[in-house]
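Residues 57 to 403 in our numbering are what the sequence shown spells out, letter by letter. Remarks on the structure that follows.
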Amino acid sequence: MNKTISLLLIACVSMVFGFLLGRYGIGDHPSAMSNVTAEAKQKKPLYWVAPMDPNYRRDQPGKSPMGMDLIPVYKEDTGNDPAGTVRITPTVENNIGIRIGEVIKAPLDRTINTVGYVSFDENQLIHFHSRVDGWIEKLSVSAEGDPVKKGQVLFELYSPQLVNAQEEYLVALASNSKALISAAKGKLNALGVSPDQIAHLRQSRTVKQNLVFHATQDGYVASLMVREGSYIRPATEILSTGTLDTVWVVAEVPERLGGWLAQGQHVDMTTASYPTKRWSAKIDYIYPVLAAKTRTVNARIEVENQSLLLKPNMFMQLQIRSDDNETLSIPREAVIRSGSMERVVKA
Numbered sequence: 057m058n059k060t061i062s063l064l065l066i067a068c069v070s071m072v073f074g075f076l077l078g079r080y081g082i083g084d085h086p087s088a089m090s091n092v093t094a095e096a097k098q099k100k101p102l103y104w105v106a107p108m109d110p111n112y113r114r115d116q117p118g119k120s121p122m123g124m125d126l127i128p129v130y131k132e133d134t135g136n137d138p139a140g141t142v143r144i145t146p147t148v149e150n151n152i153g154i155r156i157g158e159v160i161k162a163p164l165d166r167t168i169n170t171v172g173y174v175s176f177d178e179n180q181l182i183h184f185h186s187r188v189d190g191w192i193e194k195l196s197v198s199a200e201g202d203p204v205k206k207g208q209v210l211f212e213l214y215s216p217q218l219v220n221a222q223e224e225y226l227v228a229l230a231s232n233s234k235a236l237i238s239a240a241k242g243k244l245n246a247l248g249v250s251p252d253q254i255a256h257l258r259q260s261r262t263v264k265q266n267l268v269f270h271a272t273q274d275g276y277v278a279s280l281m282v283r284e285g286s287y288i289r290p291a292t293e294i295l296s297t298g299t300l301d302t303v304w305v306v307a308e309v310p311e312r313l314g315g316w317l318a319q320g321q322h323v324d325m326t327t328a329s330y331p332t333k334r335w336s337a338k339i340d341y342i343y344p345v346l347a348a349k350t351r352t353v354n355a356r357i358e359v360e361n362q363s364l365l366l367k368p369n370m371f372m373q374l375q376i377r378s379d380d381n382e383t384l385s386i387p388r389e390a391v392i393r394s395g396s397m398e399r400v401v402k403a
């Protein structure tokens, strides 16, 4: 019995000794143990830092103020890096899904979406003024937008000055004095009497009480500032006429996008009146003065309008395509935007 118990005790001690030998490496070669110890010392972290704030350092592992695990910093990680350098472990880089995008030189598509309004082609506008004081005796057009034909009578003006000038011309003709005739004819020209009217006066030898003004082109009444019986002076604009074969579309571009504009850029235009129709043209002129009320940069676009679909004061939706100049570009999601600046992280 005692012999059996002794054998069991010896077996148990052997098993415990074998376990300790395998668990703690008791009995390993001294050189192997020294290598393990040296490697452990070599890999010992210098300190721990917060992942989002490298200035937050601790001498032992823990949590950052944001609740994140502190990252160990080893001796090999403390090289002479440039200011602002951030180092993260491959594990953290994989967990937060960092992607590396290359900075390339490529065309940058910049499109300005804005509005504009249609107006008369001011190069085709004709303004009518009188060179004398007088009264509008008869008005042949009644409202803005009325169509007019070249040679059509627009209005008749009565002026005592014109009556006197005609009488002086007839007196000069009766005197047969070339000097008087020339002077009287020059006065009529200066007062706005046309050569045809002077020739008719010379032939008929009859003074006309009313001077007739005719339209000089086909078109429409752009503005009408008087009515029959109105008293006018030379400074008074009586009316103006213009054509609609070509019109101007004045684009209003926000000030912050003014630097994208350039003469000759392509513009696509649509209007609510004809949503399925598109007009294409190019920027003809960029106004040098900012619009005071709207704080916009205005650009002029000359558009063919033979169909007369575009009407003055009509609003239009514009797409202005800037030149595709190559520039350094990065993926949009790489930009870190804040309230006062935009940043990127360079790898």
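All C-beta atoms in this analysis are idealised placements derived from N, C-alpha and C, irrespective of residue type, glycine included. Nothing here was measured: the structure is a model prediction, and the numbers come from that model.
What first and last residue would you give for the alpha helix (DSSP H) that runs through D252? As a working note, residue 252 is residue 196 in the sequence shown. First-last of the alpha helix (DSSP H) with D252: 251–260.
How would you call S396, buried or exposed, if buried means at least 16 neighbouring beta carbons within 10 angstroms? In the sequence shown, counting from the first residue as 1, residue 396 sits at position 340. Exposed: under 16 other Cβ atoms inside 10 Å.
Which word fits I160, buried or exposed, when buried means at least 16 other C-beta atoms lie within 10 angstroms of its C-beta? For the purposes of this step, residue 160 is identified with residue 104 of the sequence shown, where counting begins at 1. So I160 ends up on the exposed side.
Y343, buried or exposed, once every other Cβ within 10 Å from all chains shown has been counted against 16: Position 287 of the sequence shown, counted from the start, is the residue given in the question as residue 343. When all chains shown are included, Y343 counts as exposed.
Please classify L384: is it buried, with 16 or more other beta-carbons within 10 angstroms of its beta-carbon, or exposed? As a first step, residue 384 is located in the sequence shown; it is residue number 328 there, counting from the start. Exposed, by the Cβ-count rule.
For R388, which option in R399, N381, E382, S378 has the closest C-alpha, if you only look at C-alpha atoms? Against the sequence shown, residue 388 aligns to sequence position 332. Considering only alpha carbons, the answer is R399.
Identity of the residues DSSP links to V353 by a beta bridge: Here residue 353 refers to the residue found at position 297 when the sequence shown is read from its first residue. The partner list for V353 (beta bridge, DSSP) reads V309.
Assuming A240 and E224 make a contact with CB atoms under 8 angstroms, what is their CB distance in whole Å? Your numbering for residue 240 matches position 184 in the sequence shown. Your numbering for residue 224 matches position 168 in the sequence shown. With 8 angstroms as the limit, A240 and E224 qualify as a contact, their Cβ atoms being about 5 angstroms apart.
DSSP three-state assignment for K224, whether helix, strand or coil: In the sequence shown, residue 224 corresponds to position 168, counting from 1. Reading off the sequence shown, one finds Glu at residue 224, where the question assumed Lys. E224: helix per DSSP, three-state reduction.
In the DSSP assignment, the alpha helix (DSSP H) including T147 goes from what residue to what residue? Taking the sequence shown and counting its residues from 1, the one referred to as residue 147 is at position 91. That run of the alpha helix (DSSP H) goes 146–151.
With distances taken Cα to Cα, identify the nearest neighbour of G275 among D177, Y287, P107, A337. For the purposes of this step, residue 275 is identified with residue 219 of the sequence shown, where counting begins at 1. Measuring from the Cα of G275, the nearest candidate turns out to be D177.
My output table needs one value for N245: the three-state DSSP class, helix, strand or coil. As a position in the sequence shown, residue 245 is number 189, starting the count at 1. N245: helix per DSSP, three-state reduction.
Can you check which of these residues, Y130, N266, G298, is closest to D202 by C-alpha distance? Position 146 of the sequence shown holds residue 202. Nearest C-alpha to D202: G298.
Cβ neighbour criterion (16 or more within 10 Å) applied to V204: As a first step, residue 204 must be located in the sequence shown, where it is residue number 148. Classification for V204: buried.
Tell me the rounded alpha-carbon separation between V263 and L247. Position 207 of the sequence shown, counting from 1, holds the residue named residue 263. Position 191 of the sequence shown, counting from 1, holds the residue named residue 247. Rounded to whole angstroms, V263 to L247 spans 15 angstroms at the Cα level.
Bridge partners of W335, per DSSP? Residue 335 sits at position 279 when you count from the first residue of the sequence shown. Beta-bridge pairing links W335 to M325.
From K338, T167, A307, residue whose alpha carbon lies closest to that of R351: The residue labelled residue 351 in the question sits at position 295 within the sequence shown. Checking every option, the nearest Cα to that of R351 belongs to A307.
Classify I376: buried if its beta carbon has 16 or more other beta carbons within 10 angstroms, exposed otherwise. For the purposes of this step, residue 376 is identified with residue 320 of the sequence shown, where counting begins at 1. I376 should be labelled buried.
Straight-line CA distance for Q265 to L300? To locate residue 265, count along the sequence shown from 1; it is residue 209. To locate residue 300, count along the sequence shown from 1; it is residue 244. Roughly 35 angstroms separates the two Cα atoms.
Cβ-heavy atom distance, R351 to the ligand FMN, below 7 angstroms: Looking for the ligand FMN in the displayed structure turns up nothing, as the structure carries no ligands at all.
Helix, strand or coil: how does DSSP classify R388 here? Residue 388 sits at position 332 when you count from the first residue of the sequence shown. The answer is helix: DSSP assigns R388 an H, G or I state.
Please tell me whether S286 and I168 are closer than 8 angstroms, where the distance is taken between their beta carbons. Locating residue 286 in the sequence shown gives position 230, counting from the first residue. Locating residue 168 in the sequence shown gives position 112, counting from the first residue. Not in contact: S286 and I168 (Cβ atoms no closer than 8 angstroms).
In angstroms with no decimal places, state the Cα-to-Cα distance between I386 and G157. In the sequence shown, the residue the question calls residue 386 occupies position 330. In the sequence shown, the residue the question calls residue 157 occupies position 101. Near 7 angstroms, if we compare the C-alpha coordinates of G157 and I386.
According to DSSP, what are the bridge partners of L295? Within the sequence shown, residue 295 is the residue found at index 239, counting from 1. Looking at the DSSP assignment, L295 forms a beta bridge with F184, L280.
Is it true that the CB of S296 sits closer than 8 angstroms to the CB of S279? What you label residue 279 is simply residue 223 of the sequence shown in a count that begins at 1. What you label residue 296 is simply residue 240 of the sequence shown in a count that begins at 1. Their beta carbons are under 8 angstroms apart, which means S279 touches S296 by this criterion.
In or out: A230 buried (at least 16 other Cβ within 10 Å) or exposed? Within the sequence shown, the letter at position 174 stands for residue 230. Label assigned to A230: exposed.
Look at the Cβ atom of T302, then the Cβ atom of E382, and state whether they are nearer than 8 angstroms. Along the sequence shown, one-based indexing puts residue 302 at 246. Along the sequence shown, one-based indexing puts residue 382 at 326. No, Cβ-Cβ distance for T302 and E382 is not below 8 angstroms.
Same chain, Cβ closer than 8 angstroms to A162, five either side skipped, listed in chain order: Mapped onto the sequence shown, residue 162 falls at position 106. For A162, where only same-chain residues beyond five positions count, the Cβ hits under 8 angstroms are E382, T383, S385.
M372 vs V268 beta-carbon contact at 8 angstroms: Position 316 of the sequence shown, counted from the first residue, corresponds to residue 372. Position 212 of the sequence shown, counted from the first residue, corresponds to residue 268. It is not a contact, given that the beta carbons lie outside the stated cut-off.
In chain order, what residues of the same chain have a beta carbon less than 8 angstroms from the beta carbon of P110, not counting five sequence neighbours either side? Residue numbering aside, residue 110 sits at position 54 when the sequence shown is read from its first letter. Excluding sequence neighbours, P110 sits near V142.
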